[in-house]
Structures are given as structure tokens and as C-alpha cells.
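Structure record follows, encoded as C-alpha cells.
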Amino acid sequence: SELALPFHRIPHLKRGESRAQALKRAQRDNVKAFAVTDTGSREPIGYVRTIDLWLSEASRIETFEELPKIAARELHGDALIQMNSERWAMALVVDDTGRGIGLVTFDSLIDPLLAGPLITLRR
29 SELALPFHRI PHLKRGESRA QALKRAQRDN VKAFAVTDTG SREPIGYVRT IDLWLSEASR
89 IETFEELPKI AARELHGDAL IQMNSERWAM ALVVDDTGRG IGLVTFDSLI DPLLAGPLIT
149 LRR
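Quick note on the working numbering: the sequence shown kicks off at 29 and runs consecutively.
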């Protein structure tokens, strides 16, 4: 999928990282959701939404959402509908063998629609 971003291009946190530092980063960089990686790994194991960091009382990142999978061959609209109906902020894009090839966020799917020709309908 051309909308899948390489892992290194998505803001991420390490499991066990300070929640306070994550919130500072979220505010500074306007991040709505972070991929979560295990210590010593660059592969994402889940994600955490910034709103959930604000609501959490934990001092460290230990609780996060499972990273759902979306096939790379999935149509843009179908992926958007699935992510919206399941309330996923982020998903792992997998190839036909099930190997992760990147991440997609709900915002990265909806932004092109809002920036394209549809924007003229709001006038």
C-alpha cells in the first residue's frame, strides 16, 4: 500500500518509557498515537493513543492496544471504513505472506480525502 509508512517514520515509544516524556513529545510534535516497540527492538508490538496517555495513571508505558493487521492489497476506502468501525488509530500493513511492511494511521487514510477534490464540496 502506498499509504503505509515505514516503521521509522511513525512516532514510537519503547515499552517502559516515561509517560510524562511521551506526553511532552505528543504535545510538542502534535502526535495523536504512538507505535509501541519492545526494548531492544524496532518492530512495533502495539500502539497507544495520546488521549489514553493523558487518562492513564501509570508512570511508564506498559499498557497499549494490540496492533491490528490490514492487508497491503486492501483498498483505501475499505481500510478507512474498517479502521473507523473498529476504532483503530493505527494498523500494521502486511504483505501476502503476513510480513509487516509498514504502518498506517487513521489520519493518514483520511487526510488525502480531505485535501483532494472533495474539499470543494464544503463551499
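Just so you know, even glycine gets a beta-carbon here, dropped at the ideal spot from N, CA and C.
Within a 10 Å sphere around the beta-carbon of Gly-130 sit 16 or more other beta-carbons, which makes this residue buried.
Here Leu-51 has Leu-81 as same chain residues with Cβ atoms under 6 Å from its own Cβ, once five neighbours each way along the sequence are excluded. Residue environment for Thr-67: exposed (fewer than 16 other C-beta atoms within 10 angstroms of its C-beta). Rounded to whole angstroms, the separation of the alpha carbons of Thr-125 and Ala-54 is 33 Å.
Taking one beta carbon from each stretch, the stretch 90-100 and the stretch 71-81 have 3 or more pairs nearer than 8 Å; the two touch. In the structure shown, Lys-52 falls within a helical segment according to DSSP collapsed to helix, strand and coil. Rounded to the nearest whole angstrom, the CA to CA distance from Gln-49 to Arg-56 is 11 Å.
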